[in-house]
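2 protein chains.
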Amino acid sequence: MSINKIVKLFGIKYPIIQAGMIWCSGWELASAVSNSGALGIIGSGSMYPEVLKKHIRKCKKATNNPFAVNLPLLYPNAKEHIETIIKEGVPIVFTSAGNPNTWTKELKSHNIKVVHVVSSVKFALKAESCGVDAVVAEGFEAGGHNGREETTTLCLIPDVANKVNIPLIAAGGIVDGKSMLAAMLLGADAVQMGTRFVACKESSAHENFKKMVVEAKEGDTKLTLKELTPVRLLNNEFYQELVDLYKQHPTKDILMNKLGRGRAKLGMFEGDLINGELEIGQASSQLNNIFSASEIIEQVLNEFSSYKNQINNDKKFIF
Amino acid sequence: MSINKIVKLFGIKYPIIQAGMIWCSGWELASAVSNSGALGIIGSGSMYPEVLKKHIRKCKKATNNPFAVNLPLLYPNAKEHIETIIKEGVPIVFTSAGNPNTWTKELKSHNIKVVHVVSSVKFALKAESCGVDAVVAEGFEAGGHNGREETTTLCLIPDVANKVNIPLIAAGGIVDGKSMLAAMLLGADAVQMGTRFVACKESSAHENFKKMVVEAKEGDTKLTLKELTPVRLLNNEFYQELVDLYKQHPTKDILMNKLGRGRAKLGMFEGDLINGELEIGQASSQLNNIFSASEIIEQVLNEFSSYKNQINNDKKFIF
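Sequences listed follow chains R and X, in order.
Here my numbering is used: the first residue of the first sequence is 1, the next is one more, and so on.
Here my numbering is used: the first residue of the second sequence is 1001, the next is one more, and so on.
#1: Quick check on Ala140/R - is its C-beta less than 9 Å from some C-beta in chain X?
#2: Chain R partners of Asn1004/X, CB-CB under 9 Å?
#3: Which one of Ser31/R, Gly11/R and Leu9/R has the shortest CA to CA distance from Gln18/R?
#4: First and last residue of the beta strand (DSSP E) that includes Ala1283/X?
#5: Residues of chain X with CB under 7 Å from Met212/R, in chain order?
#6: Examine chain R for any beta-carbon lying closer than 9 Å to the beta-carbon of Thr1152/X, and answer yes or no.
#7: Taking Pro1076/X as the reference, give the member of Lys1087/X, Gly1045/X, Asp1314/X and Ser1096/X with the closest Cα.
#8: Thinking Gly1276/X and Phe1238/X are a contact (beta carbons under 8 Å), I'd like their distance in whole angstroms, please.
#9: I'd like to know whether the C-beta of Tyr307/R is nearer than 9 Å to at least one C-beta of chain X.
#10: Give me, in chain order, the residues of the same chain whose beta-carbon lies closer than 7 Å to that of Leu234/R; leave out the 5 immediate sequence neighbours on both sides.
#11: Measuring CB atoms only, is the stretch 1106 to 1123 of chain X touching the stretch 1133 to 1140 of chain X, in the sense that at least three cross pairs come out at less than 8 Å?
#12: If distances are taken between C-alpha atoms only, which option among Glu50/R, Met21/R and Ala182/R comes closest to Lys265/R?
#13: What in chain X is Cβ-close to Glu149/R, meaning under 8 Å?
#14: What separation, rounded to the nearest whole angstrom, lies between the Cα atoms of Asn1004/X and Ala1183/X?
#15: Per DSSP, what kind of secondary structure is Met1180/X in: helix, strand or coil?
#16: Report the rounded CA-to-CA distance for Lys1060/X versus Glu1149/X, giving the unit in angstroms.
#17: Does the beta carbon of Asn162/R come closer than 9 Å to any beta carbon on chain X?
#18: For my contact list, Ser1292/X and Trp1023/X are in at a C-beta cut-off of 8 Å; report their separation, rounded to the angstrom.
#19: Less than 9 Å separating the beta-carbons of Leu1154/X and Leu181/R?
#20: Suppose you measure from the CA of Val1214/X to the CA of Gly1194/X; what does that come to, to the nearest Å?
#21: So, are the CB atoms of Asp272/R and Lys1316/X less than 9 Å apart?
#22: Quick check on the DSSP output: the beta strand (DSSP E) that includes Asn70/R runs from which residue to which?
#23: List, in order along the chain, the chain X residues whose C-beta lies closer than 9 Å to that of Ile17/R?
#24: Quick one: which unbroken beta strand (DSSP E) runs of 3-plus residues sit fully inside the stretch 1168 to 1218 of chain X? Chain order, please.
#25: If you draw a straight line from the alpha carbon of Val191/R to that of Ser34/R, how long is it in whole angstroms?
#26: What are the partner residues of Ile1042/X, as DSSP defines its beta bridges?
#27: May I ask you to report which of helix, strand or coil DSSP gives Ser96/R?
#28: Reducing DSSP to helix, strand and coil, say where Ala142/R ends up.
#29: According to DSSP, is Lys226/R part of a helix, a strand, or is it coil?
#30: Taking contact to mean at least 3 C-beta pairs separated by less than 8 Å, is the stretch 304 to 318 of chain R in contact with the stretch 1162 to 1176 of chain X?
#31: Listing by chain order, which chain X residues have their CB less than 9 Å from the CB of Asp244/R?
#32: At what residues does the alpha helix (DSSP H) containing Lys1060/X begin and finish?
#33: Report the CB separation of Leu1301/X from Gly1177/X in whole angstroms; it is logged as a contact under 8 Å.
#34: Less than 7 Å between C-beta atoms, sequence neighbours within five positions excluded: which residues of the same chain meet that for Glu28/R?
#35: Would you kindly report the start and end of the unbroken beta strand (DSSP E) that includes His116/R?
#36: Going along chain X, which residues have a C-beta under 8 Å from Asp133/R?
So this is what it looks like as structure tokens:
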């Protein structure tokens, strides 16, 4: 019997979590991941309340294992989402982008496990003080929305592990068994992978976007729009338009206007690689193929075991 | 007998390298590190040719073990430094900030081992094609001058390890035995630590600066001056002046003028924490004390062994 804190907390088999991501992680991906023994998460940030309800119901039909919903707390429909989550009996909620004080007690009063996503030691301590069950600490290399401190996973995980007492999930730059083992060595109890599950058969990302993700090379993602919310994107024509715009010292309003509405959907869900906002992590450079969720979990676990053995057997570690 | 490639290449005992750093790593630090079985490096980027000659001679007197000189290739006195290095019989040179094609052949023709510092896969491949013996791949979290790709150590090391055939040294965010083990898991043969050795008794950094380094918290360093050469600094009054200046959309010339000359010396060597440029890595947040070089090496090795054991024994890794 494992005493891994995250395995115990969620009642899952492996300490691997699929990040809740806009336009990529609906019930198909979440249930496939949960059916493989990891934790699947429905990303509600791109769903209207009615859509979220459907995804939760379909997910419950597709798996008997625990799954979660990710909720960006600043999302305009957050209150309705919370009501849906409680009503539909979702067992675990990952909150992000907002104040964990607002909803944690309410969710926990309904026996829902609450995990908050943070990008710094300060926010990890704040989340802990609000009573969350665990934190995800996400480094600078992560895709999509990102912290202002720009602390990398390698530096953030040991620092958060030293400061908080609740279980810790590492995110940002983790795509395989060796990065999972490294993150756990640094102090994490489990890992959350986003980018890896974008390039997954069950992901609802557009095929064009998945293809661009597995073709990405080192240096192909950039953190931008720091004056709004920092976001890591693939370097495409839209990103280059931002680079040009920045040369004119745009105001926040001009940036918001340029970004417009629906640009992430356009790129990630509808496959417009030119005009879309393509949110992905730095570790996309390490991906070469699109696999199913069960294949990804199996590969990660096999790599994890083989790297554990390598530490004992590879003579490069002996001196 | 270890078959670790870096241990063999340099003829040292442990695959640990002390980064060559301006104003911090003179002969006292380099020889102390080399005497402890790791590789000490004299940072020549802040030395006039006559000063470098003295440091090399003192280092040779202070240790019988291999040591190296770090040379930023864009340094105005680079040619004279190269001549000094050859004449004084320095066995290993770490080059950085410049084209590895310029001097590698000349150095190698004198039986000098050449290692080049890179921040991307592209530059690693370029360095390999120029015939260097190894590369240091340095991530975004590193202190001082930094790459433009902003790739973190966690993402950079696996990518470079997959692409180059020569030995690989990881740098950026590595301060202890667990980050060393993580970096080697990710594909490195050895690690280079800068920040950790700034806060070292034998470092020639000013005591004020050392004290500020060990008191730094997560989020206290920033990458700035990207229009010149990106550099990671402690957030002090000078950094805040830069933040204010950036609000006025400064030209490159205005930034260069603001930076002026000698500001790194002022801060790091002379201890002016207000007006100085204080170059340090993100992992400074994890340091709490100033130790001697031999104590640091011993601690890192002990932690390295204990984390190797932890992977076999801690039940969090079993599921």
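From the three backbone atoms N, C-alpha and C, an ideal C-beta is built for every residue, glycine too.
Since this is a predicted model, take the numbers as computed values, not measurements.
So, from the listed chains and residues:
#1: According to the sequence as given, residue 140/R is Phe; it is not Ala. For Phe140/R, the nearest CB of chain X lies under 9 Å from its own CB, placing it at the interface with that chain.
#2: For Asn1004/X, the C-beta contacts it makes with chain R under 9 Å involve Lys315, Lys316, Phe317, Ile318 and Phe319, in order along the chain.
#3: Of Ser31/R, Gly11/R and Leu9/R, the smallest CA-CA separation from Gln18/R is found for Ser31/R.
#4: For Ala1283/X, no beta strand (DSSP E) encloses it, and the DSSP letter there is neither H nor E.
#5: Near Met212/R there are no residues of chain X at all, since even the closest Cβ is about 17 Å away, more than 7 Å.
#6: Closer than 9 Å: yes.
#7: That would be Gly1045/X, whose Cα lies nearest to the Cα of Pro1076/X.
#8: Going by Cβ atoms, the distance from Gly1276/X to Phe1238/X rounds to 6 Å, so yes, they are a contact pair.
#9: Answer yes: the Cβ-Cβ gap between Tyr307/R and chain X drops below 9 Å somewhere.
#10: So the list reads Met212, Ala216, Asp220, Thr221, Leu278 and Ile280, once near-sequence residues are dropped.
#11: Contact annotation: the stretch 1106 to 1123 of chain X touches the stretch 1133 to 1140 of chain X, with at least three C-beta pairs closer than 8 Å.
#12: For Lys265/R, the nearest C-alpha among the options comes from Met21/R.
#13: For the C-beta of Glu149/R, the chain X residues within less than 8 Å are, from N- to C-terminus, Glu1218 and Gly1219.
#14: Between Asn1004/X and Ala1183/X, the alpha-carbon positions lie close to 14 Å from each other.
#15: Helix, per DSSP.
#16: Cα to Cα, Lys1060/X sits roughly 37 Å from Glu1149/X.
#17: Yes - at least one Cβ of chain X is within 9 Å of the one on Asn162/R.
#18: Not confirmed; about 19 Å, so no contact.
#19: No, these two residues do not count as a Cβ contact at 9 Å.
#20: Inter-residue distance for Val1214/X and Gly1194/X is about 13 Å (C-alpha atoms, whole angstroms).
#21: Result no, Cβ atoms of Asp272/R and Lys1316/X do not sit closer than 9 Å.
#22: Residues Phe67 to Pro72.
#23: Here the premise fails: no neighbours, minimum Cβ distance about 13 Å.
#24: List check, beta strand (DSSP E) in window: 1168 to 1171 and 1190 to 1193.
#25: The alpha-carbon atoms of Val191/R and Ser34/R are separated by roughly 15 Å.
#26: DSSP, once it has assigned bridges, lists Val1069/X as partnering Ile1042/X.
#27: Three-state result, Ser96/R: strand.
#28: Ala142/R: coil per DSSP, three-state reduction.
#29: DSSP places Lys226/R outside both helix and strand once states are collapsed to three, so it counts as coil.
#30: Taking 8 Å as the limit for Cβ pairs, the verdict is that the stretch 1162 to 1176 of chain X does not touch the stretch 304 to 318 of chain R.
#31: Those within 9 Å of Asp244/R in chain X number zero; the least Cβ separation is about 15 Å.
#32: Its alpha helix (DSSP H) spans residues Pro1049 to Ala1062.
#33: Contact holds; Cβ gap of about 7 Å.
#34: The answer, listed in chain order, is Glu202 and Ser204.
#35: In this chain, the beta strand (DSSP E) harbouring His116/R covers Lys113 to Val118.
#36: Chain X residues near Asp133/R: none, gap ~17 Å exceeds 8 Å.
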